[in-house]
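Just below is one structure, and these are the notes that go with it.
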Ligand SMILES: *Cc1c(COP(=O)(O)O)cnc(C)c1O
């Protein structure tokens, strides 16, 4: 075969993303909502989709959905941007605020997508690792940004996969200490019931990331959004794909957002179940869960990789971080339905006790 020339140099050490998402009886590996969208809301979605003209390009900015999100947050449409999942908006962050000669401050262990996007855009990654308990090394972060060369920082709150909120007073001190763009990734804020939203209008450099994939059961649809100041949203608008949010996703998003109060009982159930898992897991010898403000729990357990495999063999898929840098010996379980959590606890106990 006639060969092809090499791809861009920044791709040489990258491996394509593979979530190891294998069909299983219990799928508690990806922090999804364990419940699909309610049947009656699905019917309303079908009606809304019937009104979509498939032959026409969608509204590039999803303005109807944008207005609904803006209104719910006491903002103006120019302070909101809808994306093809939060992931698209994370990539846009690297495109708009990263690039050759620019620097991204990362707080590992955290969501791996950030570093991947930095590598793709030739952005230098400056790591300030978390403390042993996964809290942020606050003084080290503040000291590093004070050097003045950081272009953007992402603070994940609650952090994935470790589970805890970033302290609000730390984020405010960070915002005061730098003019770098500070993204607070609030993908899981519905489970912590905390947001930096009240500070948006005080800090031009603050931008919040949200998603429909977790609390709102739409991981399969691909919708996320930013809340930020108009000047920042405008920069994102320069780099985004014009039609990244298709008309069908916009229709689904409008109906789900309009009905968002109906997701509250499900969110409350997850919070209740999280407390039960956090109480029950430490009763299993050697199992040490980290505190969680989210819909998943990171835990350490002896022989974690074998425990992961044994759970998998019993039809329970969770996320294996046992060989991941800074996370050695840990696994992450998403909070599922009460039945799923009971099955998980029982299997974990059987496997560990042997
Ligand atoms: C899930 C997640 C997102 C966004 O996911 P999308 O499905 O692309 O909306 C963003 N940040 C973190 C930390 C996440 O876990």
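In this note's numbering, the protein residues as written are 6 to 359.
Where a beta carbon is used, it is the ideal one built from N, C-alpha and C, also for glycine.
With respect to residue 332, residue 302 sits apart: the two C-beta atoms are not nearer than 8 Å.
With a contact defined as Cβ atoms closer than 8 Å, residue 279 and residue 340 qualify at about 5 Å. Cβ contact annotation for residue 37 (same chain, cutoff 8 Å, sequence separation greater than five): 218, 219, 222, 224 and 339, in chain order. For residue 241, the closest alpha carbon among the candidates 343, 85, 48 and 257 is that of 85. Judged by beta-carbon spacing, residue 285 lies beyond the 8 Å limit of residue 213, meaning their Cβ atoms are not closer than that value. In the three-state DSSP reduction, residue 62 falls in the coil class, being neither helix nor strand. The beta carbons of residue 113 and residue 132 sit about 6 Å from each other, so the pair counts as a contact at 8 Å.
Non-local C-beta neighbours of residue 253 in its own chain, meaning closer than 7 Å and more than five positions away in sequence, comprise 54 and 57, ordered along the chain.
For ligand 1, a non-hydrogen atom lies closer than 7 Å to the CB of residue 190. Pairing residue 256 with residue 50 gives a Cβ-Cβ distance under 8 Å. Closest by C-alpha distance to residue 309, out of 293, 299 and 100, is 293. Apart from sequence neighbours up to five positions away, the residues of its chain that approach residue 260 with a beta-carbon distance below 8 Å are 46, 49, 50 and 53, ordered along the chain. Within the region 71 to 129, the complete beta strand (DSSP E) segments of 3 residues or longer fall at 85 to 88 and 108 to 111, listed in chain order. A direct Cα-Cα distance of roughly 45 Å separates residue 193 from residue 8.
When the beta-carbon positions are compared, residue 91 and residue 229 come within less than 8 Å of each other. Rounded to the nearest whole angstrom, the CA to CA distance from residue 276 to residue 60 is 43 Å.
With respect to the 8 Å criterion, residue 29 and residue 322 are classified as neighbours on the basis of their beta carbons.
Non-local C-beta neighbours of residue 326 in its own chain, meaning closer than 7 Å and more than five positions away in sequence, comprise 166, 332, 335, 336 and 337, ordered along the chain. Closest option to residue 348, judged by alpha-carbon separation, among 120, 272, 216 and 33: 33.
Taking C-beta separations shorter than 6 Å and ignoring five residues to either side along the sequence, the partners of residue 130 in its chain run 109, 111, 120 and 123, following chain order. Each of 234, 21, 189 and 215 was checked against the Cα of residue 207, and the nearest Cα belongs to 234. Residue 139 and residue 295 have their C-alpha atoms roughly 9 Å apart. Under the DSSP assignment, residue 215 falls in the beta strand (DSSP E) whose first and last residues are 211 to 216.
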